[in-house]
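Start counting the sequence shown at 48; every next residue gets the next number (the working numbering).
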Amino acid sequence: MDPVTQPDQLRLLAVHAHPDDESSKGAATMAKYVHEGVDVLVATCTGGERGSVLNPAMDRPEVWERLPQIRSEEMAAAREILGVGQEWLGFVDSGLPEGDPLPPLPEGCFALVPTEEAAAPLVALIRRFRPQVMTTYDERGGYPHPDHIKTHEISVHAFEAAGDPDAYPELGEPWQVSKLYYNMSFTLPRTKAIHEAMLAGGLESPYTEMLEKWDPAKDISHRVTTRVPCGEWFGIRDRALIAHATQIDPTGRWFSTPMDMQQRVWPTEDFELARSLVDSTTPEDDLFAGIRSRADEEVGVR
């Protein structure tokens with residue numbers, strides 16, 4: 048489908064590597080903006096074909112046989128729950144290489160496509176959808192999966208190229224995105240705050256082992272510029288996550304933190320403003336800070 052844009056509507060494009068990433072990174076923020084009337088579109092770079100089945104209840108031969116199709120079906124369910132549009136960019140999952148030394152990546156996978164070529168479908172999508180704001184991963188990919196790193200690379204490239212009339216002239220009229228954000232899902236302060244609240248409440252924390260292994264020198268929480276209040280939509284986030292049944296165990300430890308505790312201790316999703324062509328003062332509480340017109344605010348978009 049071609050996204051249909053309205054001239055005065057706020058539009059957000061979230062670029063993700065695999066189906067399920069959209070539900071684990073910035074999902075409550077997207078649901079909040081959908082509720083407010085923002086047009087939200089998810090670009091999914093790959094089909095997740097080489098992902099594992101991480102939910103024991105789904106680890107069955109018939110699931111493995113249909114895994115690519117099932118992951119597509121799960122994505123359809125999740126986007127319905129979130130209320131977002133979604134487009135596939137059409138690349139093949141690279142898988143997460145394991146071992147020492149690491150094996151070579153599979154031929155033809157997303158991570159091996161040259162960045163200028165891999166960014167082309169995203170440039171075309173930006174020019175059709177015309178978002179004012181994009182979100183994606185930082186230069187480390189959020190975590191070092193080759194597809195996440197490639198997603199960062201093509202997102203930055205497309206942010207710069209989509210507004211350049213000399214770049215990809217065959218892909219439509221130029222459109223300059225105003226702001227580019229990186230998801231900051233698991234920062235040390237957030238993880239510690241929830242961990243300590245769990246212990247104080249007499250509960251077992253799912254973050255104990257993670258914190259024991261955390262290298263503070265690699266923490267980049269100081270780069271957070273924007274905290275979007277979205278605790279009211281954490282339930283929608285979790286429903287969208289659980290829709291990815293091959294990837295998410297609904298009885299797993301990551302759902303052990305009580306919802307009211309999450310909403311009280313850390314009721315925001317956090318981002319880094321990486322590129323901006325508009326004036327806005329940080330810290331922010333809105334991805335559209337500096338973009339919203341007075342008319343938008345008067346009619347209650349905010």
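Ideal Cβ positions, reconstructed from N, Cα and C, are used throughout, including at glycine. As the structure is a prediction and not an experimental result, all values here were calculated from the model.
Query raised in the report: Asp140 and Gln294: beta carbons closer than 8 Å?
Result: Position 93 of the sequence shown, counted from the first residue, corresponds to residue 140. Position 247 of the sequence shown, counted from the first residue, corresponds to residue 294. Result no, Cβ atoms of Asp140 and Gln294 do not sit closer than 8 Å.
Query raised in the report: Tell me the DSSP bridge mates of Tyr228?
Result: Within the sequence shown, the letter at position 181 stands for residue 228. Beta-bridge pairing links Tyr228 to Thr182 and Leu320.
Query raised in the report: Counting along the chain, where does the beta strand (DSSP E) carrying Pro276 start and finish?
Result: Locating residue 276 in the sequence shown gives position 229, counting from the first residue. Thr273 to Pro276 is the span of the beta strand (DSSP E), which, as asked, contains Pro276.
Query - Where Thr133 falls: helix, strand or coil (DSSP) - result: What you label residue 133 is simply residue 86 of the sequence shown in a count that begins at 1. For clarity, residue 133 is Gln in the given sequence; the question names Thr instead. The answer is strand: DSSP assigns Gln133 an E or B state.
Report task. From the DSSP output, in three-state form, read off Val85 for me. Result -> If you number the sequence shown from 1, residue 85 lands on position 38. DSSP places Val85 in coil when its eight states are reduced to three.
Query raised in the report: Are at least three pairs of beta-carbons, each pair with one atom in the segment 256-264 and one in the segment 299-312, less than 8 Å apart?
Result: no
Requested in this report: Using the Cα positions of Ile352 and Asp213, report the straight-line distance between them to the nearest angstrom.
Outcome: There is no way to answer for residue 352, as the model of the chain reaches only from 48 to 349.
Requested in this report: State buried or exposed for Pro330, treating a residue as buried only when at least 16 other CB atoms are found within 10 Å of its CB.
Outcome: Taking the sequence shown and counting its residues from 1, the one referred to as residue 330 is at position 283. Classification of Pro330: exposed, given that the 10 Å Cβ count is below 16.
Query raised in the report: Just checking my contact of Ile350 with Ala75 at CB under 8 Å: how many whole Å lie between their CB atoms?
Result: The question about residue 350 has no answer here: the residues shown for the chain are numbered 48 through 349.
Requested in this report: Take the Cβ of Glu112 as the centre, count every other Cβ of all protein chains shown within 10 Å, and call the residue buried at 16 or more, exposed below.
Outcome: Your numbering for residue 112 matches position 65 in the sequence shown. Exposed, since its Cβ has fewer than 16 Cβ neighbours within 10 Å.
**Report entry** Rounded separation between Ser327 and Val180 - CA only
**Finding:** Counting from one through the sequence shown, the residue named residue 327 turns up at place 280. Counting from one through the sequence shown, the residue named residue 180 turns up at place 133. Ser327 and Val180: Cα-Cα distance of roughly 13 Å.
Query raised in the report: If we ignore side chains and look at the alpha-carbon of each, how far apart do Asp55 and Pro276 end up?
Result: Position 8 of the sequence shown holds residue 55. Position 229 of the sequence shown holds residue 276. Cα to Cα, Asp55 sits roughly 24 Å from Pro276.
Report task. May I ask you to verify whether the segment 143-151 touches the segment 123-135, counting CB pairs closer than 8 Å and requiring at least 3? Result -> no
Report task. Just mark Val325 as buried or exposed, buried being the case when its beta carbon has 16 or more other beta carbons within 10 Å. Result -> To locate residue 325, count along the sequence shown from 1; it is residue 278. Exposed.
Query raised in the report: Which whole-angstrom value is the C-beta distance of Ala158 and Pro115, which I expect to be below 8 Å?
Result: Stepping through the sequence shown from its first residue, residue 158 is reached at position 111. Stepping through the sequence shown from its first residue, residue 115 is reached at position 68. 18 Å between Cβ atoms; not a contact.
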